Amino acid sequence: MVRSSRKSEILQAALSCFTEFGVDATTIEMIRDRSGASIGSLYHHFGNKERILAALYLAGTSEYAELLAQGFSKADSAEACVKLLVTSYIDWVAANPDWARFILHSRGRVEAGERGDDLREANRLHFQRIFAALSSYREQGLFKSMPVDCFASVIIGPAHDFARNWLAGRTQTELADCRQLLAQVAWESVRANP
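By the count of the numbering used here, the sequence shown reaches residue 1154 at its end, each step adding exactly one.
Here's what the structure looks like:
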């Protein structure tokens, strides 16, 4: 999750409670008991349950964005970058199923909350980094012509849909087993015709 600290212990405890009891049924007291933190420490770091929820959400998306940034620093082709978008997502979800499930179900709540602007800014920066990593390949004409705001959805859509079904227990195939297939589908969906 995040580096080990009282704050990360509280977030880990919150995720555990949200997973076990649901976000609405989880109370600050439950998070306090699970984390071993004092109520003062909880309020010092976060203030309330909604801020814990937002911090947990933003920490998860930040961890995925960091994984992606590390991959982009090594990717050396348009194909590698596109496939990285899918494989990094699948790797993160497979390694963090409870956290991924929480993120999938909590976006609207975080967006509507007091940290909604932080979420929108994090998403803006995330997509800006993706488009920057891909811009030279786009300029070289290596991608099909499509609206820029459609591009990421075309790439990640099938992987995201399969991941949601896997997280809900509606698949017989393991998510990691579809990693290469979904990455190849993404590449074939956006690469310019030879």
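Here a beta-carbon is modelled for each residue, glycine too, at the ideal position from N, C-alpha and C. It should be emphasised that the depicted structure is a prediction, and the values quoted were computed from it without experimental measurement.
* Arg1151 by DSSP, collapsed to three states: which one? -> strand
Compare the Cα-Cα distances from Ala985 to each of Lys1009, Tyr1003, Lys967 and His1005 and report the closest residue. Lys1009
How would you label Val1046, buried or exposed, when you count the other beta carbons within 10 angstroms and need 16 or more for buried?
-> buried
Give me the Cα-Cα distance between Trp1147 and Ile1063, rounded to the nearest whole angstrom. 26 Å
Where does the unbroken alpha helix (DSSP H) through Ala1119 begin, and where does it stop?
Val1108 to Leu1127
Quiz item: Assuming Phe1122 and Leu1142 make a contact with CB atoms under 8 Å, what is their CB distance in whole Å?
Solution: 7 Å
Can you tell me whether Phe1006 is helix, strand or coil according to DSSP?
coil
Checklist entry - With distances taken from CA atoms, which of Ala997, Lys1034, Ile970 and Ser998 is nearest Ile1012? => result Ile970
- [ ] Take every Cβ of the segment 1029-1043, pair it with every Cβ of the segment 991-1001, and state whether three or more of those distances are shorter than 8 Å.
- [x] no
From the beta carbon of Arg1080, is the nearest beta carbon of chain D less than 8 Å away?
-> In summary, chain D is missing from the structure at hand, where a single protein chain is found.
**Message:** The alpha helix (DSSP H) that contains Val1046, what's its start and end?
**Reply:** Ala1038 to Ala1055
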